[in-house]
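Enquirer: Okay, handing you the structure first.
Chains as they are written, first to last, in my numbering: chain A, 40 to 436; chain B, 40 to 436.
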């Protein structure tokens with residue numbers, strides 16, 4: 040993997056990551072294809088939308104259909120027939136989402152991502168992931184099967200998947216974890232990172248993950264630890280504090296320590312306001328299920344031209360009866376397949392009727408919208424108009 | 040609307056129907072877009088698949104989003120942005136599916152089409168459609184609202200929708216209706232047909248529907264009645280008896296009576312074996328939800344090259360563990376987007392994982408497969424090789 044920075048503006052960077060399966064421009068938003076599929080979008084859609092890179096989930100693919108099977112069938116690129124770059128996470132996030140995330144009942148994870156996926160199972164609220172010094176034990180809520188993820192195992196699975204960019208196994212802590220626990224988890228994450236460096240498939244590009252919760256000394260310690268080791272890039276993961284400002288502080292602590300010449304991936308973040316503020320602080324890569332999840336629930340992205348702002352989170356809710364007879368597209372400034380072809384009135388009808396086509400079109404628009412925004416952000420860094428663009432979108436600089 | 044027959048071979052015909060919104064070749068299979076959407080397929084997909092004509096449902100669109108709203112927004116073509124021919128049914132079929140179909144618990148209608156659509160409602164098994172001489176009263180299971188469909192009203196709704204080909208309101212009887220009831224219903228259907236002729240929007244092409252259940256004299260009477268009136272074409276609807284042979288007998292009784300120069304639409308039929316046997320008897324148009332419904336449930340069409348035959352109904356079930364590591368496309372003879380891009384192993388993974396993309400791809404393949412079969416059938420009529428094709432597919436002539 041190569042990372043070439045072609046433009047900088049203050050702490051912001053425009054670059055290009057190149058792998059054997061293709062390249063992508065940074066700052067980039069990476070849509071999530073958990074099980075090797077992006078809602079109703081096929082590979083032709085991804086191509087048309089300009090998706091150069093996707094992120095798939097190691098833990099989920101290990102369970103279903105199995106990384107061994109994917110390897111036999113020629114790897115994940117071939118299995119899902121995606122001609123672009125594939126990133127896989129390490130499974131460490133699920134240590135949180137299926138572990139303390141559930142036990143602490145921490146908002147979006149416990150309620151949304153996980154429960155939606157297992158609504159047919161007999162989940163009753165207990166933790167389904169257990170962390171020890173050796174690794175993470177998962178109890179699959181559907182089959183009851185226990186799966187153990189060690190650093191070595193995570194590297195093996197990701198090698199079987201054949202993704203281009205892989206992540207070291209980490210323990211993703213909860214915002215409710217105290218400093219003592221977070222420090223202990225960080226030690227583990229660091230030991231695991233060294234094990235991953237030892238065992239990873241050298242044909243892949245390994246990213247280390249900076250952890251440490253909302254604690255400045257832990258974050259700085261982690262950033263130093265990772266920066267001193269030969270990773271292809273760096274993730275910033277785990278609990279990003281309790282507020283937007285906490286998140287920005289964490290980035291401010293961490294990025295100056297990380298090597299300039301390596302890409303920095305802020306894991307799991309993707310709201311419009313965050314994209315601006317984090318790119319501004321030197322973040323190169325983002326991934327998030329948000330565009331697809333909001334789409335599913337009826338929230339469609341709109342630009343400032345349609346009244347999008349930080350308060351409405353740049354979204355309309357298509358169920359709103361105001362759209363019942365609205366012949367306009369979702370966003371007049373958007374040149375996606377959906378906005379070029381369909382009215383809000385039609386989309387509202389599909390949403391209210393629970394038509395399958397709604398989910399496809401809504402996901403298409405929302406993902407396209409964010410990709411297009413990232414393109415504008417890249418251009419604004421190149422011509423030093425980032426703050427004008429930020430002002431236009433967020434209303435502040 | 041114009042219908043031009045360009046080739047004939049025995050009782051079979053190849054022709055073209057032309058309307059102001061485009062034309063389609065016959066014999067044709069018309070996919071069903073009940074609420075103005077075809078599962079996960081958008082208008083670009085329909086174009087790529089070569090869909091020249093679709094059928095939407097008058098009753099369902101009247102309820103949701105309302106034909107008045109669709110009219111305000113420029114009609115159904117504009118609302119769903121479909122650049123092709125739109126056929127709408129009359130609502131008469133729902134007199135059966137929501138009426139005696141439910142009361143008699145008649146298989147596929149009561150169990151599948153209807154209940155799937157209202158799984159969130161409080162339906163308890165009673166009839167939801169009531170036929171009188173004036174028309175059909177429907178009780179919407181979701182809202183409890185009572186909707187009355189008279190011949191005049193059905194014409195008004197279809198005029199508001201702005202479809203190209205419309206159907207006269209009929210009473211579709213149950214296979215469990217006795218002869219006395221069927222005869223009474225037939226009288227009503229005939230009276231209603233005359234009312235529809237009086238009230239229909241003359242910019243649209245009105246088809247009359249031949250009813251009469253499984254009773255030869257009633258069917259012949261109905262065919263004569265309809266043939267004597269100035270319809271643009273003719274539907275053959277209602278109960279087509281209790282066996283495949285009953286259905287073929289009904290077609291044999293009816294088609295010789297109907298005018299040669301008008302298209303004949305066999306309503307609601309679409310199985311592979313039926314398409315061959317009914318085209319052979321002079322049917323020009325078919326519509327059926329089957330390809331999409333089977334797709335949804337995991338049944339994917341295969342040609343004789345993949346072992347498709349009347350016994351397996353030309354379908355595999357993708358959940359079969361034999362496909363777990365099968366790198367082949369669904370059908371090697373199929374040149375659809377799905378077969379050109381994805382393996383059975385991937386589709387099985389999507390199906391088992393209940394991924395949205397499965398439904399899109401499966402529907403795409405199944406609909407394309409049937410459209411492609413119809414193309415082959417048309418070509419076989421043109422070059423008089425129909426019986427060779429039929430032998431190859433059905434194993435008999």
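Positions of the beta carbon are idealized from the N, C-alpha and C atoms, including for glycine.
Kindly give me the distance between the Cβ atoms of residue 252 (chain A) and residue 221 (chain A), rounded to whole angstroms, as I take these residues to be in contact under 8 Å.
Expert: Between residue 221 (chain A) and residue 252 (chain A) the Cβ distance is about 4 Å, and since that is below 8 Å, they are a contact.
Enquirer: Going along chain B in order, which residues have a C-beta closer than 7 Å to the C-beta of residue 104 (chain A)?
Expert: The contacting residues are 388.
Enquirer: Using the Cα positions of residue 157 (chain B) and residue 180 (chain B), report the straight-line distance between them to the nearest angstrom.
Expert: Residue placement at residue 157 (chain B) is poorly supported in this model, since its pLDDT is 46, which falls under 50; the coordinates still yield a value, given next. If you take the alpha carbons of residue 157 (chain B) and residue 180 (chain B), they lie about 7 Å apart.
Enquirer: Go ahead and pull the three-state DSSP assignment for residue 286 (chain B).
Expert: If DSSP states are grouped into helix, strand and coil, residue 286 (chain B) belongs with the helices.
Enquirer: Going along the chain, which residues of its own chain have a beta-carbon closer than 6 Å to the beta-carbon of residue 178 (chain B), five neighbours each way excluded?
Expert: Cβ neighbours of residue 178 (chain B) beyond the five flanking positions: 167, 185.
Enquirer: Give the straight-line distance between the Cα atoms of residue 368 (chain B) and residue 383 (chain B), rounded to the nearest whole angstrom.
Expert: Rounded to whole angstroms, residue 368 (chain B) to residue 383 (chain B) spans 6 Å at the Cα level.
Enquirer: Taking only runs that begin and end inside the stretch 240 to 316 of chain A, name each unbroken alpha helix (DSSP H) of 4 or more residues, in chain order.
Expert: The qualifying runs are 255 to 266, 283 to 293.
Enquirer: Counting only C-beta atoms, is residue 398 (chain A) closer than 7 Å to chain B at any point?
Expert: Yes - at least one Cβ of chain B is within 7 Å of the one on residue 398 (chain A).
Enquirer: Between residue 314 (chain A) and residue 282 (chain A), what straight-line distance do the alpha-carbon atoms span, to the nearest angstrom?
Expert: Taking the straight line joining both Cα atoms gives about 15 Å.
Enquirer: Can you pull out the residues from the stretch 265 to 290 of chain B whose beta carbon lies closer than 9 Å to at least one beta carbon of chain A?
Expert: Residues passing the 9 Å Cβ filter: none.
Enquirer: In three-state DSSP terms, what is residue 214 (chain B)?
Expert: In the structure shown, residue 214 (chain B) sits in coil (DSSP, three-state: anything other than H, G, I, E or B).
Enquirer: Taking Cβ-Cβ distances below 8 Å as the criterion, which residues of the stretch 54 to 84 of chain A are in contact with chain B?
Expert: If the cut-off is 8 Å between Cβ atoms, the stretch 54 to 84 of chain A has 74, 75, 76, 77, 78, 79, 80, 81, 82, 83 near chain B.
Enquirer: How would you label residue 243 (chain A), buried or exposed, when you count the other beta carbons within 10 angstroms and need 16 or more for buried?
Expert: Buried, since its Cβ has 16 or more Cβ neighbours within 10 Å.
Enquirer: May I ask you to report which of helix, strand or coil DSSP gives residue 161 (chain B)?
Expert: Here the model assigns residue 161 (chain B) a pLDDT of 43, short of 50, so the residue's position is not dependable and the matter cannot be decided.
Enquirer: Just grab the DSSP bridge partners of residue 57 (chain B) for me.
Expert: DSSP output for residue 57 (chain B) lists B:41, B:62 as bridge partner(s).
Enquirer: Would you tell me roughly how many angstroms separate the C-alpha atoms of residue 469 (chain A) and residue 264 (chain A), rounded to the nearest one?
Expert: Since the first and last residues shown for chain A are 40 and 436, residue 469 (chain A) lies out of range.
Enquirer: On the three-state DSSP scale, how would you describe residue 391 (chain B)?
Expert: If DSSP states are grouped into helix, strand and coil, residue 391 (chain B) belongs with the helices.
Enquirer: Checking contacts by CB at 7 Å: is residue 384 (chain B) closer than that to chain A?
Expert: Output row for residue 384 (chain B): interface = yes.
Enquirer: Does any residue of chain B have a CB that is nearer than 7 Å to the CB of residue 154 (chain A)?
Expert: With a pLDDT of only 46 at residue 154 (chain A), under 50, the local geometry of the prediction cannot be trusted, and no value is derived from it.
Enquirer: So what does residue 354 (chain B) bridge to, in DSSP terms?
Expert: DSSP output for residue 354 (chain B) lists B:340 as bridge partner(s).
Enquirer: Quick test of the definition: if touching needs 3 or more C-beta pairs under 8 Å, does the stretch 324 to 331 of chain A touch the stretch 390 to 408 of chain A?
Expert: As far as the Cβ criterion goes, the stretch 324 to 331 of chain A touches the stretch 390 to 408 of chain A, which means the pair count is three or higher.
Enquirer: Specify the secondary structure class of residue 110 (chain A) as computed by DSSP and reduced to three states.
Expert: Note: residue 110 (chain A) maps to helix in three-state DSSP.
Enquirer: Quick one: does residue 35 (chain A) have its CB under 7 Å from some CB of chain B?
Expert: Because chain A is modelled from 40 through 436, residue 35 (chain A) falls outside the range shown and cannot be assessed.
Enquirer: Taking 7 Å as the CB-CB cut-off, is residue 380 (chain B) touching chain A?
Expert: So, interface residue.
Enquirer: When the Cα atoms are used, what is the spatial distance from residue 428 (chain B) to residue 311 (chain B)?
Expert: Rounded to whole angstroms, residue 428 (chain B) to residue 311 (chain B) spans 12 Å at the Cα level.
Enquirer: Quick one: what's residue 327 (chain A) bridged to in DSSP?
Expert: BP columns for residue 327 (chain A) point to A:70.
Enquirer: Can you tell me the Cβ-Cβ gap for residue 254 (chain B) and residue 245 (chain B), rounded? I've got them flagged as a contact below 8 Å.
Expert: Not really, about 25 Å apart at Cβ, beyond 8 Å.
Enquirer: Decide if residue 249 (chain B) is buried, meaning its Cβ has at least 16 other Cβ atoms within 10 Å, or exposed.
Expert: The residue in question, residue 249 (chain B), is buried, as its Cβ has 16 or more Cβ neighbours within 10 Å.
Enquirer: Do residue 124 (chain A) and residue 73 (chain A) have their C-beta atoms within less than 7 Å of each other?
Expert: No, Cβ-Cβ distance for residue 124 (chain A) and residue 73 (chain A) is not below 7 Å.
Enquirer: Cα-Cα, which of B:75, B:66, B:183 is closest to residue 381 (chain A)?
Expert: Residue B:75 is the option with its Cα nearest to residue 381 (chain A).
Enquirer: Are the stretch 94 to 102 of chain A and the stretch 200 to 210 of chain A in contact at 8 Å, needing three or more beta carbon pairs?
Expert: Yes: at least three Cβ pairs fall under 8 Å.
Enquirer: Would you call the CB atoms of residue 104 (chain A) and residue 388 (chain B) closer than 7 Å?
Expert: Yes, these two residues count as a Cβ contact at 7 Å.
Enquirer: Which residue's Cα is closest to the Cα of residue 343 (chain B): B:372, B:321, B:318?
Expert: Ranking the options by Cα distance to residue 343 (chain B), first place goes to B:372.
Enquirer: Counting only C-beta atoms, is residue 100 (chain A) closer than 7 Å to chain B at any point?
Expert: For residue 100 (chain A), the answer is no, since every Cβ of chain B falls outside 7 Å of its Cβ.
Enquirer: Is residue 224 (chain B) helix, strand or coil when you go by DSSP?
Expert: Residue 224 (chain B): helix per DSSP, three-state reduction.
Enquirer: Count the other C-beta atoms from every protein chain shown that fall within 10 angstroms of the C-beta of residue 159 (chain A), then say buried if there are 16 or more, exposed otherwise.
Expert: The predicted model places residue 159 (chain A) with a pLDDT of 42, which falls under 50 and marks its position as unreliable, so this point remains unresolved.
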